[in-house]
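The opening residue of the sequence shown carries number 20 in my numbering; numbering runs sequentially from there.
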Amino acid sequence: MLDWTVLCLIAIPALVVVAVAGVAILCEDGRPVFFRQVRIGLRGRPFRMLKLRTMSTCAAPESEVPDAAWITRVGRILRRLSVDELPQLINVARGEMSLVGPRPHLPERAQGYGSRELGRLAVLPGLTGWAQTVGRNSLDWDRRTDHDLMYSVTQSLRLDLLILLRSCWVVVSGDGLNGHPRHAKASARMRRGDALHEHRPRQADRARLEPTNLQ
């Protein structure tokens, strides 16, 4: 209900903003305007997430952690204001995402989930989430997972409203925009040798993902 209420309120303004951004992308770097990428949603179901393209057409396919060298001038502005995420309102309307929830990961990353990380798939992925309001790109993957799991077990209307309000402030202030852990050192857990568990999940965990055809 919250998703559809907000969608009805912001659909037209969002459409105008996306249209203006699309024209800017076309003028600077041509087509395509939109970028589609398979991500993993509720209970491991794959879907195509939509974004405004922010990287040069000469760049390799965008990932969860893009190479800043390939981001266009328009793309930097769109990312700074999170305008590139607005097309995901279509994913919300389709029921593939919610306004609030853990950010969806790529299939390759989801295949590496251990039993702990599988808890992220218990709720719909979100346009924004708790992790995005308490650190955004400055958080390492482990801390993001902690915040995502916290949200999955404490989800409520009150919390969703709080996250939406905090997200507005984060976008305006730019808090946590920089510091994406693309080239950061491995987290403490990875250094302790737990990477084996992270990238080679137990057979039982892998079986829980296989029926969803993540490949």
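Positions of the beta carbon are idealized from the N, C-alpha and C atoms, including for glycine.
This one's a predicted model, so the numbers in the text were calculated from it and none came from an experiment.
- In this structure Ile-31 is exposed. Its beta-carbon is surrounded by fewer than 16 other beta-carbon atoms within 10 angstroms.
- Each of Ser-171, Trp-149, Ser-75 and Gly-63 was checked against the Cα of Cys-187, and the nearest Cα belongs to Trp-149.
- Within the segment 96-144, the complete beta strand (DSSP E) segments at least 3 residues long are 117-119, listed from N- to C-terminus.
- Judged by DSSP secondary structure, Val-52 falls outside any alpha helix (DSSP H); it is assigned neither H nor E.
- Put simply, the segment 116-128 touches the segment 164-175. At least three CB pairs are less than 8 angstroms apart.
- For Arg-128, the closest of Thr-164, Gln-107 and Gly-114 by C-alpha to C-alpha distance is Thr-164.
- Below 8 angstroms, too few C-beta pairs join the segment 85-92 and the segment 53-69 to call them touching: fewer than three.
- Secondary structure of Thr-152 (DSSP, three-state): helix.
- DSSP places Leu-69 in the strand class (E or B) of the three-state scheme.
- In terms of CA proximity to Ala-141, Pro-123 leads the group Pro-123, Glu-104 and Met-20.
- For Arg-67, the closest of Ser-175, Ile-109, Val-189 and Asp-179 by C-alpha to C-alpha distance is Ile-109.
- Residue burial is scored here from C-beta neighbours: Leu-45 has fewer than 16 other C-beta atoms within 10 angstroms and is therefore classed as exposed.
- For Glu-104, the closest alpha carbon among the candidates Gln-151, Leu-158, Thr-24 and Leu-21 is that of Gln-151.
- The beta carbon of Val-52 is closer than 7 angstroms to those of Gly-41, Ile-44, Leu-45, Leu-71 and Arg-72 in its chain, skipping five residues each way along the sequence.
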